[in-house]
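Yeah, the sequence shown ends on 144 if you go by this note's numbering, and it's all consecutive. To start, the structure itself, in structure tokens.
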Amino acid sequence: MTSRLALAESVRGDVLAHAAAGARDPAGPREVCGVLVGERNDAGRSRVVDAVRVPNVADDPRTAYELDPVATLAAIESAERDGRDLVGFYHSHPESAPLPSAADRARATWTGYVYLIASPATDELRAWRWSGEAFDPVAVEGP
């Protein structure tokens with residue numbers, strides 16, 4: 002069974018705009034990140050209706066991301082208050098393809114959740130579900 006992620010067009014645009022802004026940062030390209038909110042389905046069909054931007058607090062944001070823990074918790078609690086689920090997370094690769102890097106694999110901790118990667122260079126989004134051992138591809142679809 003192939004996992005699928007329905008992504009609202011507004012979310013697609015917001016994530017790509019956020020990624021492009023990070024790539025054009027005056028201090029140099031940096032990865033951006035955030036939380037994906039919507040309806041999570043453990044059977045492999047989730048839907049994202051909102052992307053909440055979260056500051057990247059990594060020591061080297063050019064090549065890594067680390068979600069600000071306070072902002073991340075606030076985004077998750079807000080989603081839950083609104084009756085929505087945490088579907089996963091997103092981040093960008095400002096200078097490379099939207100494929101999980103060794104750093105992404107080393108830092109992944111949310112088993113069963115989606116990790117969406119944006120490439121501002123190609124306006125491409127790819128999604129992956131962390132199995133606890135590897136990233137499995139997830140098909141990204143419109144709403």
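We put the beta carbon where it would ideally sit given N, CA and C, even for glycine.
Query: Could you compute how far the alpha carbon of E32 sits from the alpha carbon of H94?; Result: 6 Å
Query: Using the C-alpha atoms, what's the distance from E134 back to G14?; Result: 30 Å
Query: Between which two residues does the alpha helix (DSSP H) containing R13 stretch?; Result: 10-24
Query: By DSSP, does L100 sit in helix, in strand, or in coil?; Result: coil
Query: Please report the straight-line C-alpha distance between E96 and S120, rounded to a whole angstrom.; Result: 8 Å
Query: Compare the C-alpha of N42 against each of R82, V88, A65, A128 and name the closest.; Result: V88
Query: Measuring only the C-alpha atoms, how far is W111 from W131?; Result: 7 Å
Query: The beta strand (DSSP E) that contains V71, what's its start and end?; Result: Segment 70-82 is the alpha helix (DSSP H) holding V71; no beta strand (DSSP E) there.
Query: If you check the beta carbons only, do E125 and A7 fall under 7 Å apart?; Result: no
Query: By Cβ distance below 6 Å, which residues in the same chain neighbour A128 in space, the five residues on each side in sequence not counted?; Result: L6, V115, L117, V139, V141
Query: Going by alpha carbons, who is nearest to A59 out of G45, G113, A22, D105?; Result: D105
Query: Find the nearest neighbour of P101 within the set D83, A72, F136, judged by alpha-carbon distance.; Result: F136
Query: Around the Cβ of P27, are there at least 16 other Cβ atoms within 10 angstroms (buried) or fewer (exposed)?; Result: exposed
Query: Tell me where the beta strand (DSSP E) around H92 begins and ends.; Result: 86-93
Query: Please state whether the Cβ-Cβ distance between V36 and V16 is less than 7 Å.; Result: no
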